[in-house]
Amino acid sequence: MDLMSAVEVIRAPLSETQALLSASFAEAIPHRTLSQLAANCPFAPFKTHGVSPGAPGSSVTTADLAAIRPLMPARGTWQGRATMAGVEVPVLALASDAAEQGALLVLVLTEDTPVPEEHQVAALALWDMVTAHREGLRNEAVPEWLALSRAAAAARALAISDLGDAHGAALTALLGVLRDRSLDDGDARTRAVDLAVTALDALRSRAELDHAMAEERVGEAFDRLAKSLSRVLRPRGVQLELGTPGAEEGVDRVLPADVAATARAVVRAVVHTMLDDQRQVRRIHVGWKIDAAELRATVRDDGPGALSRGALDARRVGERLGPLGGRLEVDSVPGWGTAVTVGVPLGPPDTPREDPLTVLGARELEVLGQLALGRRNRDIARELHISESTVKFHVANILDKLGVGSRGEAAALAHEWGATALRT
Numbered sequence: 001m002d003l004m005s006a007v008e009v010i011r012a013p014l015s016e017t018q019a020l021l022s023a024s025f026a027e028a029i030p031h032r033t034l035s036q037l038a039a040n041c042p043f044a045p046f047k048t049h050g051v052s053p054g055a056p057g058s059s060v061t062t063a064d065l066a067a068i069r070p071l072m073p074a075r076g077t078w079q080g081r082a083t084m085a086g087v088e089v090p091v092l093a094l095a096s097d098a099a100e101q102g103a104l105l106v107l108v109l110t111e112d113t114p115v116p117e118e119h120q121v122a123a124l125a126l127w128d129m130v131t132a133h134r135e136g137l138r139n140e141a142v143p144e145w146l147a148l149s150r151a152a153a154a155a156r157a158l159a160i161s162d163l164g165d166a167h168g169a170a171l172t173a174l175l176g177v178l179r180d181r182s183l184d185d186g187d188a189r190t191r192a193v194d195l196a197v198t199a200l201d202a203l204r205s206r207a208e209l210d211h212a213m214a215e216e217r218v219g220e221a222f223d224r225l226a227k228s229l230s231r232v233l234r235p236r237g238v239q240l241e242l243g244t245p246g247a248e249e250g251v252d253r254v255l256p257a258d259v260a261a262t263a264r265a266v267v268r269a270v271v272h273t274m275l276d277d278q279r280q281v282r283r284i285h286v287g288w289k290i291d292a293a294e295l296r297a298t299v300r301d302d303g304p305g306a307l308s309r310g311a312l313d314a315r316r317v318g319e320r321l322g323p324l325g326g327r328l329e330v331d332s333v334p335g336w337g338t339a340v341t342v343g344v345p346l347g348p349p350d351t352p353r354e355d356p357l358t359v360l361g362a363r364e365l366e367v368l369g370q371l372a373l374g375r376r377n378r379d380i381a382r383e384l385h386i387s388e389s390t391v392k393f394h395v396a397n398i399l400d401k402l403g404v405g406s407r408g409e410a411a412a413l414a415h416e417w418g419a420t421a422l423r424t
């Protein structure tokens, strides 16, 4: 778990973070499974890497990790035995408070022996860095991050709606008890009730967990924005006026997490632009309103009314709205001030994705660009400042995701779809 390993984990695509984390921990902390429960990663708040510690076909669940979280402080480590995938196993849990909602990482150990304190400290530091990096991406609403987040949220919603297997298992168990002629009526009813209550609790906990990770209440999201703006404006002596959403503006509604994060990031960027590109701004008003289709944010100042759309584009405001199909309007009146209106759709935009390279992460695209230039692994490692083993890892993923059998075929796709243009 050296500094170079940390850099590789941070720079890797989100889809590969767990695999690289596991590889970084492997020598100091031997483990068979690594699972995360991190609300600030809409790409995959719950994810598992490795071999299930339970019976064939079993898997670690969100309930397994949720049961460990109350045993830990906001930030720290916990070592002991816990039920994972239906069996009791030795685990090491790492809790980070680098994100507002916290992030939990649990390693199922291969041996029931204590992990040395220095290894726990190093592992927690690396998990803190990963969590802080994700939180930064989320708060800045980076376009690439938003596109991944929206796609992942849609996939997660589909998975939750497809819980027929879980219902089928519960009903089968109930019928098995009710048809068991060796049980009298009292015992059958007791067992059936226990099974039904357990199934309902599991279903409810899954739904609540997804809501907590994928959604934010409008009022809470606006409060977070207001606090962050106050920290910026107060030292400058600029008055902040808040159009806090009320019942009519949808204060009690819930928003997709990526919509809330985008709205906050864009409003902050607009406020910074108003302050940095204009003089004599003494007052800024910020308000939110939510209707059936979009979140509409308004930002008004009492400055000279000289703010242009180009100034906002320089801060990537329009680019941040792009993945969600958002809109931006600027109305500047000389001598009166500037009003900026931001609209963020609540639903996903209709954007077909035909480019085969969209399945690749940012780091994989960089490696693919190098492959298209005919470079060897050693040259790629030197160019991208990563190890050769990491290059091999990325190349294998690229071939698998693109469904090709050789580096040459992957390079041909890169040339066809212009992946080399960004790397040369």
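In this text, residue positions in the sequence shown follow full-length UniProt numbering: the first is 1, and each later residue adds one. Cβ coordinates follow ideal geometry from the N, Cα and C atoms, glycine included. Quick caveat, the model's predicted, so the values are computed rather than measured.
Next on the checklist: Here's a check: name, in chain order, each residue in its chain whose Cβ is nearer than 7 Å to the Cβ of Gly102, leaving out the five neighbours to either side.
Outcome noted: Hits under 7 Å: Ala74, Ala95, Ser96.
Checklist entry - Which one of Glu364, Gly337, Gly176 has the shortest CA to CA distance from Pro13? => result Glu364
Item to check | Spatial neighbours of Asp60 in its chain, beta-carbon cut-off 7 Å, leaving aside the 5 residues before and after | outcome: Reading the sequence as shown, one finds Val at residue 60 and not Asp. Correct list, in chain order: Thr33, Ser35, Thr48, Ser52, Met84, Ala85.
Checklist entry - Applying the criterion that 16 or more other CB atoms from any shown protein chain within 10 Å of the CB defines a buried residue, is Pro352 buried or exposed? => result Because the pLDDT of Pro352 is 45, which lies under 50, any placement of that residue in the model is unreliable, and the number read from its coordinates should be weighed accordingly. The residue in question, Pro352, is exposed, as its Cβ has fewer than 16 Cβ neighbours within 10 Å.
Item to check | Contacts around Asp277, its chain only, beta-carbon distance under 7 Å, and the 5 residues preceding and following it disregarded | outcome: Leu307, Ala311
Checklist entry - Rounded C-beta distance between Glu241 and Ile290? I'm assuming under 8 Å. => result So it is not a contact: roughly 19 Å between Cβ atoms.
Next on the checklist: So the candidates are Leu105, Gly322, Val89; which of them puts its Cα closest to the Cα of Leu21?
Outcome noted: Nearest option by C-alpha distance: Leu105.
Item to check | Backbone CA spacing between Asp252 and Val340 [nearest angstrom] | outcome: One C-alpha to the other measures close to 25 Å.
Item to check | According to DSSP, residues forming a beta bridge with Arg217 | outcome: Val254
Next on the checklist: Could you tell me the alpha carbon to alpha carbon distance between Ala314 and Val232, rounded to whole angstroms?
Outcome noted: 20 Å
Next on the checklist: Relative to the C-alpha of His133, which candidate in Glu118, Leu109, Ala99, Val91 has its C-alpha closest?
Outcome noted: Ala99
Item to check | For Thr77, the nearest candidate out of Val7, Gly50, Ala63, Leu126 (CA to CA) | outcome: Measuring C-alpha to C-alpha distances from Thr77 to each of Val7, Gly50, Ala63, Leu126 identifies Leu126 as the nearest.
Next on the checklist: In the DSSP output, which residue or residues are listed as bridge partners for Thr77?
Outcome noted: Thr77 is bridged to Leu94.
Checklist entry - Does DSSP classify Gly287 as helix, strand or coil? => result strand
Checklist entry - Can at least three beta-carbon pairs, one atom from the segment 323-343 and one from the segment 374-385, be found at a separation below 8 Å? => result no
Next on the checklist: If I follow the unbroken beta strand (DSSP E) through Asp301, where does it start and stop?
Outcome noted: 294-301
Item to check | Leu71, buried or exposed, once every other Cβ within 10 Å from all chains shown has been counted against 16 | outcome: exposed
Checklist entry - Three-state secondary structure (DSSP) at Glu366? => result Of the three classes helix, strand and coil, the one that applies to Glu366 here is helix, per DSSP.
Checklist entry - Is it buried or exposed for Met274, if we count other Cβ within 10 angstroms and need 16 for buried? => result buried
Checklist entry - When you compare only the Cα positions, how much space is there between Gly186 and Ala55? => result 32 Å
Next on the checklist: Using a 10 Å radius around the Cβ and a threshold of 16 neighbouring Cβ atoms, would you call Arg234 buried or exposed?
Outcome noted: exposed
Item to check | Local conformation of His385 per DSSP, three classes | outcome: coil
Next on the checklist: Rounding to the nearest angstrom, what Cα-Cα distance links Trp417 and Ala410 in this structure?
Outcome noted: Between Trp417 and Ala410, the C-alpha separation is close to 11 Å.
Checklist entry - From Ile29 to His119, what does the alpha carbon distance come to, in whole angstroms? => result 7 Å
Checklist entry - Among Glu294, Arg81, Ile398, Thr298, which has the Cα closest to the Cα of Ala269? => result Thr298
Checklist entry - In whole angstroms, what separates the C-alpha of Val193 from that of Leu178? => result 11 Å
Checklist entry - Smallest Cα separation from Ala292: which of Val91, Thr131, Val344? => result Of Val91, Thr131, Val344, the residue nearest in Cα terms is Val344.
Next on the checklist: Quick test of your reading: Glu215 and Pro256, contact by CB under 8 Å. State the CB separation rounded to the nearest angstrom.
Outcome noted: Between Pro256 and Glu215 the Cβ distance is about 6 Å, and since that is below 8 Å, they are a contact.
Checklist entry - What do you reckon, are the CB atoms on Arg376 and Glu388 nearer than 7 Å? => result no
Checklist entry - Exposed or buried, Pro45, counting other C-beta atoms within 10 Å across all chains shown (16 or more means buried)? => result buried
Checklist entry - By the 10 Å Cβ neighbour count, where 16 or more other Cβ atoms means buried, how is Leu3 classified, buried or exposed? => result exposed
Checklist entry - How should His272 be labelled, buried or exposed, when 16 other C-beta atoms within 10 angstroms of its C-beta is the threshold for buried? => result exposed
Next on the checklist: With H, G and I counted as helix, E and B as strand and the rest as coil, what does DSSP make of Val197?
Outcome noted: helix
Checklist entry - Exposed or buried, Asp301, counting other C-beta atoms within 10 Å across all chains shown (16 or more means buried)? => result Looking at its Cβ environment, which holds 16 or more other Cβ atoms inside 10 Å, Asp301 is buried.
Next on the checklist: So, under 8 Å CB-CB, Arg327 and Ala265 are touching, yes? Tell me the CB distance rounded to an integer number of Å.
Outcome noted: The Cβ separation is near 16 Å, so there is no contact.
Item to check | Cβ-Cβ separation, Val91 to Val108 (assumed contact under 8 Å), whole Å | outcome: Val108 to Val91, Cβ: 6 Å. Contact.
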